[in-house]
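Trainee:
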Amino acid sequence: MIEFKRVSKRYESHDALRDISLTIDTGEMAFITGHSGAGKSTLLRLLLLLDRPSSGELSVNQRPTSAIKRRGIAAYRRNFGIVFQDHQLLFDRSVFDNVALPLVIAGFGRRDVNRRARAALDKVGLLDREGANPASLSGGEQQRVGIARAVVARPRILIADEPTGNLDPDLSAEIMELFRAFNRVGVTVLIASHDLALISRMRHRIITLHEGRLIEGEGR
Ligand code: ADP
Ligand code: ADP
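Everything in the sequence shown is counted per the working numbering, starting at 275 for the first residue and increasing by one.
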């Protein structure tokens, strides 16, 4: 479903990604790893059309993203739920309102918003905290709210950039189990992480970048 064909990304004189050929199947769960500066975020940014390849082709669901023009980008991005390292929650509103926000923006009616937001909070085990301010939650709980918000509109692909970067090992493992639970119900999951110890234990596919190149054989 996601296919990079000989994709390179050059910033001024620096190659952030070099000749990346990579296929990720529908329903797969995969990790992207590599040192800081290896190109992990750049790869995710290209996938989300926050940036465009300098050369090569990126296709999602058989469709070359080069054919997606500016006005098609919002619809394209609805395929994706995004989890950030620092969760990016809004502290001026409740946990419920944070999770509901993507649905409100998408124009869902109040009953659907309520039902879906509560279902998402239930999946991450935080239904009893719906009225709380996110600032009163622990770091692990805040990240779970971030995941509920990412999945609330039922995206087919879940993207996370260092989602456990600020968490201790036990909480990190819990967060990874949550991703795994969404993967089990059919969501394609792609997680950038430099925590090799953690992701090795997960026994899912690992894709390694080194100075913008993919390690031989890991693109499939
Ligand atoms: P990672 O996420 O693996 O740490 P990045 O994708 O953020 O790596 O960065 C890969 C390389 O591209 C780095 O050398 C980084 O400095 C460079 N880079 C990333 N974004 C930009 C940009 N907008 N302008 C210039 N250089 C960039
Ligand atoms: P970096 O610090 O690596 O340059 P950002 O802080 O801009 O990256 O964002 C981190 C990641 O979050 C990006 O790699 C991208 O996957 C995602 N992201 C950032 N901004 C947006 C946005 N406006 N819409 C969707 N995803 C975004």
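We put the CB at the ideal spot given by N, CA and C, even for glycine. Every value quoted in this text rests on a predicted model; they were computed, and no experiment measured them.
Could you give the first and the last residue of the continuous alpha helix (DSSP H) run that contains Asp396?
Mentor: If you number the sequence shown from 1, residue 396 lands on position 122. Run containing Asp396: Arg384 to Lys397, per the alpha helix (DSSP H) assignment.
Trainee: Could you check whether the Cβ of Ser315 sits closer than 6 Å to any heavy atom belonging to ligand 1?
Mentor: Counting from 1 along the sequence shown, the entry for residue 315 is found at position 41. The answer is yes for Ser315.
Trainee: Pull up the DSSP beta-bridge partners for Ile306, would you.
Mentor: Start at 1 with the first residue of the sequence shown, and residue 306 comes out as number 32. Partner(s): Ala466 and Ile481.
Trainee: For Leu401, name the three-state secondary structure that DSSP assigns.
Mentor: For the purposes of this step, residue 401 is taken as the residue at position 127 of the sequence shown. The answer is helix: DSSP assigns Leu401 an H, G or I state.
Trainee: Expressed to the nearest angstrom, what Euclidean distance is found between the alpha-carbon atoms of Leu401 and Lys343?
Mentor: One-based indexing of the sequence shown puts residue 401 at position 127. One-based indexing of the sequence shown puts residue 343 at position 69. Straight-line Cα distance between these residues: approximately 39 Å.
Trainee: Which of helix, strand or coil does DSSP assign to Ala282?
Mentor: Counting from 1 along the sequence shown, the entry for residue 282 is found at position 8. First, the residue type needs correcting, since residue 282 is Ser and not Ala in the sequence shown. In the structure shown, Ser282 sits in a strand (DSSP, three-state: E or B).
Trainee: Which two residues bound the contiguous alpha helix (DSSP H) that contains Ser329?
Mentor: Numbered from 1 along the sequence shown, position 55 holds the residue referred to as residue 329. That residue, Ser329, is in no alpha helix (DSSP H); its beta strand (DSSP E) goes Ser329 to Val334.
Trainee: Could you tell me which of Phe453, Gly330 and Leu483 sits nearest to His309, measuring between CA atoms?
Mentor: One-based indexing of the sequence shown puts residue 309 at position 35. The candidate whose alpha carbon is nearest that of His309 is Leu483.
Trainee: Give a single yes or no on whether Ser310 has its beta carbon closer than 6 Å to a heavy atom of ligand 1.
Mentor: Taking the first residue of the sequence shown as 1, we reach residue 310 at position 36. Indeed, a heavy atom of ligand 1 lies less than 6 Å from the Cβ.
Trainee: Provide the residue span of the beta strand (DSSP E) that contains Leu291, from first to last.
Mentor: Walking along the sequence shown from the start, residue 291 turns up at place 17. Here the beta strand (DSSP E) through Leu291 covers His288 to Ile298.
Trainee: Check whether the Cβ atoms of Glu535 and Leu411 lie closer than 7 Å to each other.
Mentor: An answer regarding residue 535 cannot be provided, because it is not within the stretch 275 to 494 covered by the chain.
Trainee: Counting only runs that start and end within the stretch 405-453, where is the beta strand (DSSP E) found for 3 or more residues in a row?
Mentor: 431-435
Trainee: Kindly confirm or deny that the stretch 320-331 and the stretch 447-458 touch, where touching means at least three C-beta pairs closer than 8 Å.
Mentor: Too few Cβ pairs lie closer than 8 Å, so no.
Trainee: What is the DSSP secondary structure of Arg319, reduced to helix, strand or coil?
Mentor: By 1-based counting over the sequence shown, the position of residue 319 is 45. Helix.
Trainee: Less than 8 Å between the CB atoms is what I'm expecting for Ile390 and Val357, so what's the real figure, rounded?
Mentor: Taking the sequence shown and counting its residues from 1, one reaches residue 390 at position 116. Taking the sequence shown and counting its residues from 1, one reaches residue 357 at position 83. The sequence shown places Arg at residue 390, rather than the Ile named in the question. Between Val357 and Arg390 the Cβ distance is about 17 Å, and since that is not below 8 Å, they are no contact.
Trainee: Who are Pro338's beta bridge partners in DSSP?
Mentor: One-based indexing of the sequence shown puts residue 338 at position 64. Looking at the DSSP assignment, Pro338 forms a beta bridge with Ser333.
Trainee: Give a yes or no on whether the C-beta atoms belonging to Ala466 and Ile276 are separated by under 7 Å.
Mentor: In the sequence shown, the residue the question calls residue 466 occupies position 192. In the sequence shown, the residue the question calls residue 276 occupies position 2. Cβ atoms of Ala466 and Ile276: not closer than 7 Å.
Trainee: Here's a check: name, in chain order, each residue in its chain whose Cβ is nearer than 7 Å to the Cβ of Leu470, leaving out the five neighbours to either side.
Mentor: Walking along the sequence shown from the start, residue 470 turns up at place 196. Cβ neighbours of Leu470 beyond the five flanking positions: Thr307.
Trainee: What does a CB cutoff of less than 6 Å around Gly493 pick up in its chain, not counting 5 residues either side in sequence?
Mentor: Sequence index remark: in the sequence shown, residue 493 carries index 219 (1-based). Counting only Cβ-Cβ distances below 6 Å, and skipping sequence neighbours, we find Ser295 and Leu296.
Trainee: So does Tyr350 have its beta carbon nearer than 6 Å to some heavy atom of ligand 4?
Mentor: Questions concerning ligand 4 fall outside what the structure shown contains, since the ligands it does hold are ligand 1 and ligand 2.
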